[in-house]
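Right, one structure below, let's go through it.
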Amino acid sequence: MTTISLDNIKYKAEIRQKTAKPLLWIGLISIVMFFAGLTSALIVSKSNSIWIKLEVPSMFFISTILILFSSLTYQLSMSFTKNNQLKFATITTILTFVLGISFTVTQFYAWQQLYQSGIFWAGEQSNPSGSYFYALTALHLLHLFAGLISLLVVVTKSLLKKYSPTNVLGIQLSLTYWHFLTALWVYLFFFLKFIA
Amino acid sequence: MIALVAIVAVLLVIATAVQILKIAELRATESGKEIYEISAKQSKAQAFLLMVFLVAYFGFFAWQVWKWGGLMLPVSASEHGVGVDELMNITLWFIIPVFIITHIFLFWFSYKYSFSETRKALFFSHSNKLEMFWTIIPSVALTVLILVGLSNWNKIMTPISSETEHVLLEVCGQQFMWGARYAGKDGKLGRASVEYIEGVNALGIDVSDENSKDDKIVKGEFHLPVGVPVQFVFRSQDVLHSAYMPHFRAQMNCVPGLKTQFNFTPTITTAEMKEKTQNENFEYILLCNKICGAAHYNMQMNIVVESKEDYEKWLAEQKEFGAE
Amino acid sequence: MSAHQHPHEEQDFLFKYVFSQDHKMISKQFLITGFIMGFIGLSMSTLFRLQLGFPGESFWIIDFLLGSWAENGVMLPDKYLALVTMHGTIMVFFLLTAGLSGTFSNLLIPLQIGARDMASGFLNMLSYWFFFVSSVIMLISLGVEGGAASAGWTIYPPLSALPQAIPGSGLGMTLWLVAMAIFIASSLLGSLNYIVTILNLRTKGMTMTRLPLTIWSFLITAIVGVISFPVLLAAALLLVFDRSFGTSFYLSDIYIGGQVLEHSGGSPILFEHLFWFLGHPEVYIVLLPALGITSEIVSTMSRKPIFGYRAMITSMLAIGFLSAIVWGHHMFVTGMNPFLGAVFTFTTLLIAIPSAVKVFNYITTLWKGNIKFSPAMLFSIGLVSTFISGGLTGLILGDSALDINVHDTYFVVGHFHIVMGLSGIFGMIAGVYHWFPKIFGRMLNNNLGNAHFWITIVSSYGIFFPMHFLGLAGVPRRYYTNSEFPLFENLLDINTLITWFAILAFAGQLIFFFNFVYSALRGPKAPQNPWKGNSLEWTTGVKHIHGNWPGGIPTVHRWPYDYSKLNENGDYVTGEDFIPQIVPLGEGELDGGGH
């Protein structure tokens, strides 16, 4: 890791350039550990005799497609920005946001599907396997809301023409987080499908 | 009123201390030094105190062993406990000399090398040889401890095979008492669950289960035949408890929703232990050893170990569950 | 450096002090809040020691301080458990994690690596204020109906999940969980900053192997924290779900308060796994910074390089790594698969090896040194003693077969108080004595410091050493009184002796608090480098400025342990017995202890 000489007063931007991404990455590691704890808990709970193996509701497939697409559109937005095609960049960012909202909607529909098929979150008729379904997906969604907020910030700044091929740090940070959310969802999806 | 006096007293003490400190600072400046400078003489004084402390620390340790050594648990009253106590001795024979030697070096070096204006410290920054030396020696010692430990552990945690004659005893913890249930002549415990708890059936035994008819529930104390292995099954009705029987070197958590097991073979009867400890009132005891609520400190049940005949006689007097 | 500041404008009070983003101010905030919480935790333990040493006796002070938690000057049994729980929580998390790491990581990282400030002053500021809010909520939980959380600092369910099981598991427990969630956020925000700053913002010439061992310890601690704290958050969240929503992650087959509860399919053992996955690394999160601080102080005050710099780093890395795979040794008697138990015994006893290496390296650093005994040095030597004394009993507890008879007895209480509690607090206090001139620009009084040390070490060993005997005799922990068992009758005197030492220890800390406040306000002004240390923090001015160095940041040419280095003539290279890191290497001079 190269060090830079920090002799001048206007170093704040320099520091931000150097440290924003590492800060995000370490934050992502802590989120990974959080979900690692939860999925490990599921594996331990599974060994209880009362565990019922559940089917992933069909809506989750749609969720997966939507979020994968949203990562694609957001990545496109980054390429457009780097190529100075700022109008397309703004459009694809807004598209990403819309896909993110759609993902959220499908999550609610999926929970509705679970409820309809008698899988409850809590209470007498619930089973821990169902509780984990709701808990894992809801907690992912909560982290997604943070992603949606960062998307809104990027959309706004994009409309105000704050980004340029040399100024993409804000988008990069939001994009990395968004890809992380996609990867996390894919992991949770396969985990719930095959293990739970 | 007392509070007021106390507060005033404290304030006066603080004010006095402040004045003393100010004077000390002035005195120091007058002799041309800063009050915070540490002279060789001051270092020597602290070094001396460190040596005094070393002696006092060892003395304290020795005094405690002398004063309380006799108050420790008596000889193990179970078969596996003998191995456990041996392992404890081996471990203590290792750690106590290490404790003594390292402390001697720590405090002796501190004393010997306290500050001197005329001496230069030695620039000695590393030695791979030394590092290897004190990595390998602890590793070897620990390997021994691990091997002996695990062989004991393996023996202890193996359930009794069904062919061996044994007593099957369920102990159920709840806030704040123990319930014990013998398996009866069929050698099987009847099904039990919290759903069946009602009125007199405090342990929640399923009356419809054939196996529960000859189960025997006892209160206040349970008996064990000497020399016969006892297989415990533990459960809890409400929160975590832990069945701790220190004389037998036995402990196992009682978990609601889960059955845990432990087994041991008692080797010394209550009467014999009364002799050994010169204590007429000695009783073996079951204590709760996992925080379980307000009366956690008072959750106990006596254990009586006696000859097989006495045990059979006592057991015969206990009522069967099915005989209502 | 505050975000919107022009060099000649006055910073308003709010941004300069309260919401400061300057690491030195934040470090002070952590120190003060940590010490206040520590004092509260210490008072709690002194109070319940009164009950343990003089069971059932009426005390005015218990009546005065505890109000409805006591009857006729005797504390109530379930409130005893509340005090024990809150004592543990406050001491482990608020004093020894946030207080210790928060103070010294914030103070020393930018100063010792040569940076203007942390990577993100904003996140750093948030980290402190989350800690503050968390502390306030924890303290509020003491006053709510039902009392504070009472299931032990380890809060195992079902006891912690069911208000019917103990009153403190009602609102008190809920607030505990909220406070801890915020605390975890605070800790993670801090760790983020520490890691990124150390890895990315070192000054020119400051390679990783020229870092002081304090920085290495803070780095490893932060990494361990990032890996383990989120799992505690997961554990706490699932507990919240069980408590407030009726899920069954931890609960199953429970009959309490006259009714069968609806939960089924859960297991309390799951909570234990999740909790201890943090819980064990947590004790090393407490210990590692203390060990790093000790390395600095022992080396500086002995006028010798720390012995075995690379071995010290390797052992800290080993300890950090192993700490994540030993958690099961807290669960030997839960009925887990015996094979698992064997694995955990193996890894637990392994961790003794790097610990031993560190102890031997400290002792060798003293050998042929030229030692000045400042209070910081005394406490550092004390730490090596407590680390040995407490660490060795870990070999008994880590051995599963031996643990059966001492698990959850006073043997454990003695062990962890000596190895974690005393080592941790000695490290923190030593750090305060040593870096007080850097934090406050003044010097603490040495005579009071020495008195503080002697009273503390004597009384502390007096409290915790006898506990090993109580534990070997079978006395369980978290017992309101030992007077209910004929088995423990002749051990009651031991409890009384312990309590007397506890009162003495409490009194000794008052000397420290007086010294601290007096010296911070009107202690003698400190010189720039009172201990003649080599590391970069001693090259900054006594008066704090944003950005730490008024001109450029110095370049580093050597490691920080060139004490008493001689040239060919047998004289000190610079004429004095230390060579600061900023001094360039001489002709043909090798760096880093001649590696």
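Protein chains in written order, with the numbering used here: chain A, 863 to 1058; chain B, 5 to 328; chain C, 8 to 602.
Here a beta-carbon is modelled for each residue, glycine too, at the ideal position from N, C-alpha and C.
The segment 229 to 239 of chain C contacting the segment 323 to 335 of chain C, beta-carbon criterion three pairs below 8 Å: The segment 229 to 239 of chain C is in contact with the segment 323 to 335 of chain C.
Proximity test, tryptophan 67(B) beta-carbon vs the ligand NAD heavy atom, cut-off 7 Å: In the structure shown, the ligand NAD is absent, as is every other ligand, since no ligand is present at all.
Distance, arginine 565(C) Cα to asparagine 541(C) Cα: 10 Å
Residue span of the beta strand (DSSP E) that contains tryptophan 182(B), given as start and end: 181 to 186
Cross-strand partners of lysine 532(C) (DSSP beta bridge): Paired residues: Arg449(C).
Three CB pairs or more closer than 8 Å across the segment 462 to 482 of chain C and the segment 61 to 77 of chain B: yes
Alanine 13(B) burial status per 10 Å Cβ neighbour count (16 or more: buried): exposed
Nearest to serine 490(C) (by Cα), restricted to the options Phe61(C), Asn113(C), Phe138(C): Phe61(C)
Beta-carbon proximity check, threonine 301(C) vs tyrosine 257(C), cutoff 8 Å: At the C-beta level, threonine 301(C) and tyrosine 257(C) stay beyond 8 Å of one another.
Between the CA atoms of histidine 553(C) and histidine 15(C) - distance to the nearest angstrom: Confidence is the limiting factor: at histidine 15(C) the pLDDT is only 36, short of 50, which leaves the residue's position unreliable, though a coordinate-based value still follows. Taking the straight line from one Cα to the other gives about 13 Å.
Pairwise C-alpha distance: isoleucine 981(A) and glycine 992(A): Computed Cα separation, rounded: 6 Å.
Lysine 278(B): first and last residue of the uninterrupted alpha helix (DSSP H) it sits in: 274 to 281
Proximal residues of chain B, C-beta to C-beta of histidine 414(C) below 7 Å: Gln255
Contact belief for leucine 399(C) with serine 466(C) at Cβ below 8 Å, rounded distance in angstroms: Incorrect: roughly 21 Å between the Cβ atoms, too far for contact.
Listed by chain order, chain A residues near asparagine 497(C) by CB distance under 9 Å: By Cβ distance, chain A contributes nothing, its closest Cβ being about 44 Å from asparagine 497(C), past 9 Å.
Rounded straight-line distance, which links the Cα of isoleucine 94(B) to that of isoleucine 150(B): 12 Å
Separation of leucine 928(A) from serine 27(C), as counted between CA atoms: 43 Å
For tyrosine 1025(A), three-class secondary structure by DSSP: coil
Burial state of isoleucine 388(C), where buried means 16 or more other Cβ atoms lie within 10 Å: By the neighbour-count rule (16 or more Cβ atoms within 10 Å), isoleucine 388(C) is buried.
CA-to-CA distance, alanine 299(B) to valine 204(B), given in whole angstroms: Each residue's alpha carbon lies about 22 Å from the other.
Sequence-distant residues of its chain with Cβ nearer than 6 Å to glutamate 596(C) (five each side left out): none
Under 7 Å by beta carbon: chain B residues contacting leucine 195(C): Residues of chain B passing the Cβ test: none, with the nearest at roughly 29 Å.
Phenylalanine 513(C) beta carbon less than 8 Å from that of phenylalanine 460(C): no
Alpha-carbon to alpha-carbon, isoleucine 313(C) and serine 306(C): 5 Å
Interface flag, isoleucine 888(A) vs chain C, CB-CB below 8 Å: True, the Cβ-Cβ gap to chain C drops below 8 Å.
Assigned secondary structure, glycine 175(C) (DSSP; H/G/I helix, E/B strand, else coil): helix
Given arginine 529(C) as reference, the closest of Thr214(C), Asp19(C), Gly448(C) once Cα atoms are compared: Comparing C-alpha distances from arginine 529(C) to each of Thr214(C), Asp19(C), Gly448(C) shows the shortest one belongs to Gly448(C).
Through-space distance from asparagine 267(B) to leucine 193(B), alpha-carbon basis: Those two C-alpha atoms are separated by around 16 Å.
Own chain, CB closer than 7 Å to isoleucine 470(C), minus 5 neighbours either side, in chain order: Ile505, Phe508, Ala509, Ala512
Nearest-angstrom Cα separation, counted from lysine 572(C) out to valine 590(C): 13 Å
Paired residues, beta bridge with isoleucine 483(C) - DSSP: Checking the displayed sequence, the identity of residue 483(C) turns out to be proline instead of isoleucine. DSSP, once it has assigned bridges, lists Thr416(C) as partnering proline 483(C).
Which of helix, strand or coil DSSP assigns to histidine 13(C): Below a pLDDT of 50, predicted positions are generally treated as unreliable, and histidine 13(C), at 40, falls in that range; the measurement from the model is reported next regardless. Note: histidine 13(C) maps to coil in three-state DSSP.
Near-chain C residues of the segment 232 to 243 of chain B - C-beta to any C-beta below 7 Å: Gln241, Asp242, Val243
Start-end ranges of the beta strand (DSSP E) lying completely within the segment 140 to 191 of chain B, minimum 3 residues: 171 to 178, 181 to 186
Nearest-angstrom beta carbon gap, tyrosine 301(B) and proline 84(C) [assumed within contact, 8 Å]: 7 Å
Closest Cα partner of leucine 239(C) within the set Gly264(C), Leu102(C), Phe380(C), Leu195(C): Selection Gly264(C), Leu102(C), Phe380(C), Leu195(C) evaluated against leucine 239(C) yields Leu195(C) as nearest (Cα-Cα).
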